[in-house]
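Undergrad:
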Amino acid sequence: MKIGSVDIATVLKSRKTRRTGLMIAFYAVLALLLYSIVASYLVESDPHLSAYDDDWDDLSAFRADLKGMGVDTTSMISSPVLLGEIENPEDSVFVVTGVEQDTISLPRFTGDVDVIQFSESQGYTTTEIEAIKEYVFSGGTLIVMDDFGYSSGLAEEFELGYSGHQLYDEQAWARGLDYNYVWMNSSNPYDYTGTDKSGSHPCFSDADNDGIIDRLDSLPNSPVNGADTPTVADAGLCAHHIETDSTGGQFWNFSTNYNVLLNTPSAFDKDAAESNSDNIYAWGSSSQDSYLDTNDDGEGDVGFEGGGIESDEQGPFTMAIKVCEKRDCAEEPGAPMGRAIFVSDGSALMNAIYDWEETNDGSYGELNGKLMPDNDNRRWVLDIIAESLLMHTADDNGTSASGKQVIFDESRHQQTNAMGDTYNLIYYILVYFTNDWMAMLFLFLALFIAFEAVIIKKVDPEPWRHVFSIIYYGFGDARRYGYYGRGNKVKQVLLSRVRNLNSLTRDEFDALPARELQKMIGDPVLIKFVFEDRNYSLEQLVAVVKRVKMWGRK
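Counted the way the numbering used here counts, the sequence shown spans residues 7 to 560.
1) If you check the beta carbons only, do P208 and M397 fall under 9 Å apart?
2) Is DSSP giving C209 helix, strand or coil here?
3) Quick check on K328: does DSSP put it in helix, strand or coil?
4) Do three or more CB pairs link the stretch 177 to 194 to the stretch 252 to 268 at distances below 8 Å?
5) Bridge partners for W189 per DSSP, in chain order?
6) Would you mind sorting P322 into buried or exposed? The rule is 16 or more other CB atoms within 10 Å of its CB.
7) When burial is assigned at 16 or more other CB atoms within 10 Å of the CB, is Q172 buried or exposed?
8) What residue from S157, L243, K203, E305 has the CA that sits closest to G404's CA?
9) Look at the alpha carbon of P530 and the alpha carbon of A459, and state the distance between them as a whole number of angstroms.
10) Measuring alpha carbon to alpha carbon, tell me which of L453, T365, A31 ends up nearest W62.
11) Terminal residues of the continuous alpha helix (DSSP H) containing E522?
12) Judging by CA-CA distance, which residue of D216, T253, N374 is the nearest neighbour of S228?
13) Rounded C-beta distance between K332 and N285? I'm assuming under 8 Å.
14) According to the neighbour-count rule (16 or more other Cβ atoms, all chains shown, within 10 Å of its Cβ), is V35 buried or exposed?
15) Among all the DSSP beta bridges, which residues are the ones paired with S296?
16) Quick one: which unbroken alpha helix (DSSP H) runs of 4-plus residues sit fully inside the stretch 57 to 115? Chain order, please.
17) Taking a contact to mean a Cβ-Cβ separation below 9 Å, would you say M75 touches A407 in this structure?
18) Measuring CB to CB, does S193 end up less than 9 Å from G146?
19) For a minimum of 4 consecutive residues, which ranges assigned as the alpha helix (DSSP H) are wholly contained in the stretch 342 to 374?
20) Measuring CB to CB, does R385 end up less than 9 Å from H247?
21) Can you tell me which of I413, V105, I138 puts its alpha carbon nearest to the alpha carbon of G129?
22) Between M378, D539, L532, which lies nearest to G182 when the distance is taken from Cα to Cα?
23) Alpha carbon to alpha carbon, how far is S281 from I327?
24) Measure the CB-CB distance between A161 and F414 and report whether it falls below 9 Å.
25) Can you tell me whether F535 is buried or exposed? The criterion is at least 16 other CB atoms within 10 Å of its CB, across all chains shown.
26) With the cut-off set at 9 Å, would you say D175 and Y297 are in Cβ contact?
27) Look at the alpha carbon of N381 and the alpha carbon of A37, and state the distance between them as a whole number of angstroms.
28) What residue range does the beta strand (DSSP E) around W386 cover?
29) Which residues does DSSP list as the beta-bridge partners of G290?
30) Rank G558, G170, L89, A288 by C-alpha distance to the C-alpha of R503 and give the top, closest one.
31) Tell me the rounded alpha-carbon separation between S417 and A213.
32) Does the beta-carbon distance from Y196 to C335 come in below 9 Å?
33) Would you check if the distance between the CB atom of I288 and the CB atom of A279 is smaller than 9 Å?
34) Within its chain, find whatever has a CB closer than 6 Å to the CB of Q177; leave out the 5 residues flanking it on each side and keep chain order.
35) Relative to the C-alpha of D184, which candidate in N357, F164, N269, F257 has its C-alpha closest?
36) Taking DSSP's pairing of strands, which residues face V412 in a bridge?
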């Protein structure tokens with residue numbers, strides 16, 4: 007077929023066309039690979055649950071409280087593998103709220119019967135999960151709040167399992183709002199196995215029962231103390247226990263009962279929840295009238311099955327779990343103990359609920375004429391923070407937040423703009439590909455292929471010559487035969503070898519008489535090749551090249 011004077015069949019069969027087609031196919035596959043990686047990381051959703059935004063569904067109020075107590079707050083926007091760089095993990099808390107993005111999955115060797123695992127767990131890679139677990143075992147505290155996100159892989163590492171279904175409660179729901187707001191009962195969560203351990207909590211310990219905790223009591227063993235209730239500035243990490251009564255007087259709230267309000271919560275699987283024998287303790291639960299919408303129809307059809315309809319599961323359900331290294335989470339001063347706390351809802355700390363008073367004042371927008379109910383979310387989570395950062399210190403260290411830090415995992419949160427997501431992705435790849443050995447292997451292979459592609463693309467390496475070897479063995483050798491098919495190029499290689507073998511400079515070599523050069527070469531065939539100006543066939547050049555490669559080895 008011809009178009010004008012152009013033969014289409016000839017053009018399609020030409021080397022240039024084939025090379026162009028291969029290049030297009032290569033870059034198309036590369037683009038598809040990059041798209042699949044980016045698509046798994048960047049998802050379309052409304053940004054929320056960030057400690058650095060101040061919308062109604064963010065965590066800015068919680069972060070402001072921490073900073074007001076003197077705690078250093080920071081974010082992790084790359085990868086949790088950096089937790090291994092923390093010098094004193096016992097003085098830090100790692101907070102994960104609402105894992106919105108999945109991880110980049112790469113194949114890995116498992117070391118068991120499966121040999122190779124082609125995809126990672128949801129949310130975090132195996133390397134990241136191992137780094138988080140090692141952080142906890144080193145004395146750090148992990149707080150994970152998620153419901154239907156990508157934190158299941160992390161929970162499984164601690165022998166827990168999210169149900170993945172929404173929980174409803176026909177009795178314990180916020181009637182001033184709607185049925186999506188459910189109360190979690192957490193009555194004295196410090197009673198793990200029938201023994202009340204709240205007396206060892208830094209914010210509750212009061213040996214002389216004078217209303218002043220031991221860490222702030224100038225006379226901790228005397229029931230008669232004339233000191234007033236500590237001020238907020240003195241109370242440090244326990245400042246949230248200072249409350250005001252109806253007369254305007256301040257008092258210390260010693261209550262260990264919490265009514266925690268959650269929004270569209272889930273629950274933990276009953277078969278993968280608390281286990282006291284494994285130091286995995288229930289820390290909050292739903293009421294007897296709750297049910298898990300296992301068939302996801304939004305209806306409470308507990309006990310009814312038929313016509314292919316699955317029955318919902320009856321409560322109560324565990325909604326918060328605490329995992330400790332020691333029995334009854336007993337931590338002694340000077341002996342830090344790691345802990346991990348999982349909550350089956352990511353919204354427990356969002357501004358609208360956590361900062362309910364400001365919400366009702368309209369600081370976060372309107373609630374369509376509704377009021378956010380009084381709740382204990384603030385006191386509940388700040389008691390967790392205080393326990394985590396103070397329990398391993400002695401009473402004489404007080405309640406100071408000096409040297410303590412809370413780290414917010416922002417690496418799995420959707421950003422407000424594409425540039426922010428791109429920055430986080432690049433930072434994540436930089437950290438991940440320099441800490442995970444399988445990722446480093448892929449990076450090495452990618453760089454190797456890229457370098458080979460550059461070498462293949464070079465048509466004629468005119469500026470350089472191989473001095474010690476003529477034929478380069480590698481990808482693309484067929485395209486280099488044209489270079490070695492030129493007699494003058496092979497002649498240059500031979501002369502360079504002669505000069506180098508005799509340790510002559512270029513000036514010394516150029517000044518050599520012809521007779522002396524012939525004596526140095528010593529091979530009649532190569533002497534004739536150097537001094538005769540003639541054309542050689544490919545077969546003749548191959549024979550010459552073989553002699554050049556053997557020359558100088560005797």
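We put the beta carbon where it would ideally sit given N, CA and C, even for glycine. None of the values given here were measured: they were computed from a predicted structure.
TA: Checking against the coordinates, here is how it stands:
1) yes
2) Secondary structure of C209 (DSSP, three-state): coil.
3) It is a strand residue.
4) yes
5) L267
6) buried
7) Counting of Cβ neighbours within 10 angstroms places Q172 among the buried residues, the total reaching 16 or more.
8) L243
9) Distance between the alpha carbons of P530 and A459 is about 40 Å.
10) T365
11) In the DSSP annotation of this structure, the continuous segment of the alpha helix (DSSP H) that includes E522 starts and ends at 520 to 527.
12) D216
13) Yes, K332 and N285 are in contact; Cβ-Cβ is about 7 Å, under 8 Å.
14) exposed
15) D175
16) 66 to 74
17) Contact flag set, yes.
18) At least 9 Å separates the beta-carbon of S193 from that of G146.
19) 357 to 360, 362 to 366, all fully within the stretch 342 to 374.
20) Between R385 and H247, the C-beta spacing is below 9 Å.
21) Out of I413, V105, I138, V105 has the C-alpha closest to the C-alpha of G129.
22) M378
23) 10 Å
24) no
25) buried
26) yes
27) Each residue's alpha carbon lies about 50 Å from the other.
28) Taken as a continuous stretch (DSSP letters only), W386 belongs to no beta strand (DSSP E), being part of the alpha helix (DSSP H) at 383 to 396.
29) Per DSSP, A326.
30) G558
31) 43 Å
32) yes
33) Note on residue identity: the sequence assigns Ala, not Ile, to residue 288. Going by C-beta atoms, A288 is nearer than 9 Å to A279.
34) S293, D295
35) N269
36) When DSSP reads this structure, V412 sits in a beta bridge with T79, V99.
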